[in-house]
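First the structure, in the form of structure tokens, and then the observations on it.
Numbering (mature numbering (1 follows the signal peptide of the UniProt record, and there is no 0)), first residue to last: -21 to -1, 1 to 916.
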């Protein structure tokens, strides 16, 4: 592989004098040599790779080159319906047989067992399966085998699934979906793409004859359109033998229908469509310029080089738009000029902007001007140099962390290779090739891409936004703006000079006044003379990562109520100001080629920082921390620019049903406390620039009561040196702070409400909040997590499967220690408004049943096995150890200790969960809110 890259580099570097360099670009891209691939006699393709991320786990995928575009008109929606049926009975696993079996082995439905259907493909997965039992591997192979050719598709199961899919249709039918169904027929006019939306026609879903589904299945689910991918901690030779033995027995379809490719007709005129919806939250402008993509056979070395050119283009374009948004009154809320894939077989230039309310004309003119600025003048040498350095830095980090490429990431590459012929390379090739090819890419290459892609042929303008009183561009106005921009004089972009370093001069630093070994977590604590506490742990699970976390007690609980709105927006704004002497634009240029970032956090009870870097740039991260603390920047121009964008965004969100429901729940759940503040455009009438600066200085004035955690792949002496220098130089003030309990509580007893919301789809949304004051202990926390898992199983079986009443019931839980000890369950789902009360009764019935009888042993075993599996995988990542350190200091116990997790799970019984559920639920406060469509007056 290295020899191939070296030879290629030699040719490419001297390309101007060697014609044969063009031949080199036409060479095929080498496939990852660690992937074992082959094709069986029946036409099925297989891919097998050994990988140990995570250890002792393996993922199984069935990739079908079959999607909604292959449906006949009377099958509209049946490709997706068929995907559901793969979980409702196969030859070797009738009913929910394999789901039950896999869940008993710690493989959870939804999280580890899932599938998706798109326009051109359907992909099934069994992910993170324990790889230590050969029998379990054999069973998963048998499931894939059944998915290929042996679905039962019984009349009864088809009938039962109609309700589930009808509810999925209801859940997915939001404003974006409805507007997409307005503009797709215009952008894809004359193509099958214009006629399908994957979820399908509800009338067909409810009424199709079972034989119609079986016909689609037998026509298209066939070996020549299928691939299986198995990646994980397995013996490749052994699995390949099993694959050949089992899957070779599947018969090939005789005289199969040709698998069509779906063309999009070309057009010289610019198409226009205005798509509106009463629930739309913003006015968006999109220009799509379609181009025929590279054929499968031509995805060679030259294609890979072109992909790097597009990546550089997109990176430089993003930087320009970002700079524009930092200044004055931005002409749009957000915008982009990008080049990438569009739909299978096509690429596109995308020119998009989210407009300020009633200012679509300004937004379109501004974003199209930026696109034409690139077309007319291209980029600068400085921009390209920075983009190359940043891209190479990112690639180097990916290479160093190649052992953390997950099974599912590998399968994603395999999927793209099988379906579309995308290059399937390994990390070694990517790094060596990237370095080589970057030297050959010139400014002319990138600028030519702009002139080739941003043209007026095959162009479509799509305007989406609110229905009703909003002002929208007409076709004539939009075309006139494009013509005006194209014929105007556009000045070239001016690239500003780059600064040298973040910090000039020496820092005072501090002494280490005490050192304590934390043997249980293999970490060390240093107390500094400025009273700051620093905790360090060396962890190299991620080879090219160092993480920072810091907290101090207080948070916005120490602020007056009138300052809470400013506090809620502070982290977003401070991040746009830059630091020290550098505004955000200058800071990005200073950080060219460096991977380091620090972000501010301000919560109800604590304030703090979160940061990340590579080991190489650890000191840069510490410099950013120092500057954020001791020399923060407050940029009035950047404040006004971001404020303008937020006001516009929140004005657009005012009629969003999801925000209306979320805000209503927040007010009800906090009993309308005066300190409960909602985000709205009017909130900025109560916020000013000086106030934001005052709040920041108040919360981040004293490092002495901060605890800093550093976890990553650096040596202890390096961490100590940098901590002493930068954290030790932070200011320390007398006194200690503690958060204040403002007695924000859920209403006592049961609060039941039905609220009408303006909705275009007949949809009821049920939200239930159950909260009890219970002790915050490792045992009680784990029991709540177990109860959450059990309820997910019960609701899937009772509400989704038996009732067909919803696409899925969401169940979440949280345990809190401060400001008072409490535990919470959150339960929510969408459904037919007429079924809301009935299904809600089942939600409470299942909790009551656990209180009265306890859970089944099967359900308890499934949840415990999955929790153990997830925990084992989590321990292989630095983030787990960061959380363990944080919990030790903030909550006072070691969550990694065996007695605080493994021993508790091992000893759990159904009777203990029954007892816990009774204690949790019997005297709980309950908020029960159902949102229903507002009836037309």
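Built from N, CA and C at the ideal position, the CB exists for glycine as well.
Item                                                                                                                                           : Value
From 119, 52, 144, 37, residue whose alpha carbon lies closest to that of residue 785                                                          : 144
Opening and closing residue of the beta strand (DSSP E) in which residue 63 lies                                                               : Premise fails: residue 63 lies in the alpha helix (DSSP H), 57 to 64, not in any beta strand (DSSP E).
Residues of its chain near residue 20, where Cβ-Cβ distance is below 8 angstroms and the 5 sequence neighbours each way are ignored            : 227, 231
Beta carbon of residue 42 nearer than 8 angstroms to that of residue 394                                                                       : yes
Own chain partners of residue 672 with C-beta closer than 7 angstroms, once the 5 adjacent residues on each side are dropped                   : 613
Cα-Cα separation, residue 610 to residue 563                                                                                                   : 14 angstroms
Bounding residues of the beta strand (DSSP E) (the contiguous stretch that carries residue 141)                                                : Taken as a continuous stretch (DSSP letters only), residue 141 belongs to no beta strand (DSSP E), being part of the alpha helix (DSSP H) at 134 to 151.
Validate contact between the segment 121 to 139 and the segment 52 to 67 using beta carbons, cut 8 angstroms, 3 pairs                          : yes
Entirely enclosed beta strand (DSSP E) segments - the segment 84 to 129, minimum 3 residues                                                    : 92 to 96, 101 to 109
Cβ neighbour criterion (16 or more within 10 Å) applied to residue -5                                                                          : Residue confidence for residue -5 is low, a pLDDT of 39 falling below 50, so the modelled location carries little weight; the figure read from the coordinates is stated next. With fewer than 16 Cβ atoms within 10 Å of its Cβ, residue -5 is classed as exposed.
Among 514, 520, 473, nearest to residue 703 - alpha-carbon criterion                                                                           : 514
Unbroken stretches of the beta strand (DSSP E), 3 residues or longer, contained in the segment 392 to 476                                      : 438 to 445
Straight-line gap, residue 665 to residue 543 (C-alpha atoms, nearest Å)                                                                       : 10 angstroms
Beta-carbon spacing of residue 660, residue 621 below 8 angstroms                                                                              : no
Opening and closing residue of the alpha helix (DSSP H) in which residue 284 lies                                                              : 280 to 304
Residue environment, residue 799, which counts as buried when at least 16 other CB atoms sit within 10 Å                                       : exposed
Beta-ladder partner(s) of residue 802, from DSSP                                                                                               : 751, 794
Test item: CB-CB of residue 83 and residue 841 under 8 angstroms                                                                               : yes
Start-to-end residues for the alpha helix (DSSP H) that takes in residue 41                                                                    : No alpha helix (DSSP H) holds residue 41; the beta strand (DSSP E) holding it covers 36 to 43.
Residue 210 - containing beta strand (DSSP E), residue span                                                                                    : 205 to 211
Neighbour-count burial assignment, residue 453, 16 or more Cβ in a 10 Å radius                                                                 : exposed
Euclidean distance between Cα positions of residue 29 and residue 212                                                                          : 6 angstroms
Whole-number beta carbon distance between residue 516 and residue 502, since they are thought to touch under 8 angstroms                       : 4 angstroms
Where residue 786 sits in the DSSP three-state scheme                                                                                          : coil
8 angstroms contact criterion, which residue 350 and residue 330 should meet: CB distance rounded                                              : 5 angstroms
Opposing strand residues paired with residue 18 [DSSP bridges]                                                                                 : 24
Residue 531, buried or exposed, once every other Cβ within 10 Å from all chains shown has been counted against 16                              : buried
Bounding residues of the alpha helix (DSSP H) (the contiguous stretch that carries residue 821)                                                : 815 to 832
Simplified DSSP state of residue 590, which is helix, strand or coil                                                                           : strand
Residue 379 (DSSP reduced to helix, strand or coil)                                                                                            : helix
Option nearest residue 233 by Cα separation, candidates 210, 201, 780                                                                          : 201
Test item: CB-CB of residue 815 and residue 745 under 8 angstroms                                                                              : yes
Host alpha helix (DSSP H) of residue 625 (start-end)                                                                                           : 615 to 632
Inter-stretch contact at 8 angstroms, needing at least 3 Cβ pairs: the segment 850 to 864 / the segment 757 to 768                             : no
Contacts around residue 914, its chain only, beta-carbon distance under 8 angstroms, and the 5 residues preceding and following it disregarded : 735
Residue range of the beta strand (DSSP E) that includes residue 267                                                                            : 262 to 271
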